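In what follows, a single structure is set out as structure tokens and then discussed.
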Amino acid sequence: MSPGYTSEEMMVVTAARQLSSDDTCFVGIGTPSAACNLARLTHSPGITLIYESGTIGTRPDVLPLSIGDGELCETALTTVSVPEMFQYWLQAGRISIGFLGAAQIDRFANINTTVIGGYHRPEVRLPGGGGAPEIASFCEEIFVIMPHSPRAMVPEVDFVTSFGFGSGGSDRADLGLVTQGPTLVITDLCLMRPDPETKELTVASLHPGVDREQVRESTGWGVAFGADLGETPPPEQGELEVLRDLMERTAKAHAPGHGREGEGS
Amino acid sequence: MPAMTSLREAIATHVHDGDTVCMEGFTHLIPFAAGHEVIRQGRRDLTLIRMTPDLIYDQLIGAGCVARLVFSWGGNPGVGSLHRLRDAVENGWPRALEIEEHSHAAMANAYWAGAAGLPVALFRGYLGSDLPAVNESIRFLDDPFTGERLAAVPAIRPDVTVIHAQRADREGNVLIEGIVGVQKEAALAARRAVVVTVEEIVDDLRAPSHNSVILPSWSVDAIAEAPGGAAPSYAHGYYTRDNAFYTEWDAISRDRERFRQWLEDEVLGAPP
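Sequence order for the protein chains is A and B.
Numbering of the first sequence is given in numbering that gives the first Met the number 0, commencing with residue 0 and proceeding in unit increments.
Numbering of the second sequence is given in numbering that gives the first Met the number 0, commencing with residue 0 and proceeding in unit increments.
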């Protein structure tokens, strides 16, 4: 029987639930942006959303296609320059959560968004790091949201764009990093957290209808399951309605020939 | 006072073959009209610097103008890859492209250092990343006071910076509003010339606040009126981002022949 929601909706709702009104969140474009705005529109109206284009405390009505859509600026508390964003707000440690997507992540939560294959002769050239290398270092915690697949969840990334836990253990602290790093990975199958000692990503809960075998087959390393493995609570109807409205408004706003009324002049 | 001139004249005077050029604008106010003029004038062997190459550099790369690219995020925002950039990196088409790849924090700091007249930018960055292993412009220095290990990158000092702004007054003062990105820093970092295209040239700049972002006339070399000059990106207060075109670009740019036809129809055969 179909559960009445998609695995993508499950992933976004679960991600949104990890946030609270007290958070100051550096938001990546795409699924992270959907999760952060869903949180703001449901249980966390006070959350401060920050996009690297310089917009602080933004409250967009539709999800931006780019990191610098005009609506982010129009609905923000303030918009600062990009150097100020990276120097005063990110580098100085004023942001509690960095919410990132990833093309590839490894068992120690290192993220690759640069190349698949070798750097100089890549099989696939990906967009690159953008803000992520320093977001991963200087936000207090990092949440990663990405669909689960063996190609994306690998034993070792081809290229470390953004550092997670290196080879595990105390690698992060040894580099002089005082932030917690990736504390949570949310996929369409499960929630993963780093083991407190080894820092290897370990399954903390399975989404409804997902079994261990499915996660094993979709993970590129011999993934471990937490001792107190539970089931992730399913989305509630209210959350799904808000999310679907948001996605529908967004699709309409970005469709050809459907310029939004009231923007610009 | 800057020369108040045509876009054609501004580019012909200030952008030369082999130059290092910044055309900045963080998603907003991207100087597309100026970029297209550079393509029409057939500039070659350029080193282009931009945090997000975006469609503007995808087009310049596909048109064969670029020898070297300095950047920090090379995607089509919210859509996917920049296919002309990828074709140049993966297959050397239409010519080999050398890349120097950074993070946003590094480039933002490097622009800031350039504007401040410093030779180097120091910041916390690149910890644990593989980028320093593939980019020799990324080094580390120990702070002489605390011993903290800091990342160091050279200041960005382009020959020419080209930006688009909302408006200029007849004296040549320039107003930038909305998402202001790194344009002020990029302009002040230029060694030889700053070229600004604007939506309109007006009697009164109508600066909305005492703290508005303004480039004084004596920091600018040429101003050309180019209404719509940031499209398909946008000019806050004038027109919105053409998100549908950004989506459509994926198909146009994926295929070399379709790209060439687009370039012929929309740029080479369409003077300003």
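By construction, the Cβ of each residue, glycine as well, lies at the ideal position given by its N, Cα and C atoms.
Everything numeric in this text was worked out from a predicted model, so none of it was measured.
At least one CB atom of chain B sits nearer than 8 Å to the CB of residue 118/A.
Secondary structure remark: continuous alpha helix (DSSP H) runs of at least 4 residues inside the region 19 to 101 of chain B, in chain order: 31 to 39, 53 to 61, 82 to 90.
Identification of chain A residues near residue 143/B by a Cβ-Cβ cut-off of 8 Å yields none; the smallest Cβ-Cβ distance measures about 17 Å. In this structure, the beta-carbon distance from residue 24/B to residue 162/B falls below 8 Å. Around the beta-carbon of residue 202/A, 16 or more other beta-carbon atoms lie within 10 Å, marking it buried. In the three-state reduction of the DSSP assignment, residue 7/A falls in the helix class, which pools H, G and I. Bridge partners of residue 24/A according to DSSP: 48/A, 96/A.
Among the CB atoms of chain A, none fall inside 8 Å of the CB of residue 271/B. Using beta-carbon distances, residue 174/A counts as an interface residue toward chain B, with a partner under 8 Å. Put simply, the CB of residue 217/B is far from chain A, with every gap to its CB atoms at 8 Å or more.
Using a Cβ-Cβ cut-off of 7 Å, residue 72/A is close to 177, 178, 235 of chain B, given in chain order. Close to chain A, meaning a Cβ-Cβ distance shorter than 7 Å, is no residue of the region 51 to 69 of chain B at all. By the Cβ test, the region 227 to 243 of chain B is in contact with the region 21 to 39 of chain B, since at least three Cβ pairs between them sit closer than 8 Å. The region 37 to 55 of chain A makes contact with the region 222 to 241 of chain A, as at least three CB pairs between them are under 8 Å. Ranked by Cα distance from residue 147/A, the options 38/A, 60/A, 213/A, 132/A are led by 213/A. Residue 189/A has its alpha-carbon roughly 44 Å from the corresponding atom of residue 185/B.
Think of a sphere of 9 Å around the beta carbon of residue 165/A: the chain B residues whose beta carbon falls inside it are 127, in chain order.
Across the region 103 to 136 of chain A, CB contacts with chain B closer than 7 Å involve 118, 121, 124, 126, 127, 128, 129, 130, 132, 133, 136, in sequence order along the chain. Taking a C-beta cut-off of 8 Å against chain B, the contacting residues of the region 46 to 64 of chain A are 51, 52, 53, 54, 63, 64, listed in chain order. C-alpha of residue 24/A to C-alpha of residue 222/B: approximately 39 Å in a straight line.
One Cα belongs to residue 176/B, the other to residue 210/B, and the distance between them is close to 11 Å.
The criterion of a C-beta distance shorter than 8 Å is satisfied by residue 106/B and residue 71/B. Between the region 79 to 89 of chain A and the region 86 to 96 of chain B there are fewer than three C-beta pairs closer than 8 Å, too few to call the two in contact. If you draw a straight line from the Cα of residue 150/A to the Cα of residue 219/A, it comes to about 7 Å. Using a Cβ distance threshold of 8 Å, residue 178/A and residue 10/A do not count as a contacting pair. For residue 67/A, the secondary structure class from DSSP, reduced to helix, strand or coil, is coil.
Less than 8 Å divides the Cβ of residue 55/A from the Cβ of residue 76/A. Check the Cα spacing between residue 84/B and each of 121/A, 221/A, 169/A: the tightest is with 121/A. Taking residue 239/B as the centre and dropping the five residues before and after it, the same chain places the C-beta of 233 closer than 6 Å to its C-beta, in chain order. Secondary structure of residue 125/A (DSSP, three-state): coil. For residue 13/B, the uninterrupted alpha helix (DSSP H) segment begins and ends at 6 to 13. In this structure, residue 96/A sits near residue 142/A, with a CB-CB distance shorter than 8 Å. Of all C-beta pairs linking the region 155 to 174 of chain B to the region 7 to 25 of chain B, three or more are shorter than 8 Å, placing the two stretches in contact.
Taking 8 Å as the threshold, the shortest C-beta distance from residue 72/B to chain A falls below it. Here residue 209/A carries a coil assignment [DSSP, helix/strand/coil].
Close to chain A, meaning a Cβ-Cβ distance shorter than 8 Å, are the following residues of the region 236 to 260 of chain B: 236, 237, 238, 239, 240, 242, 243, 245, 246, 247.
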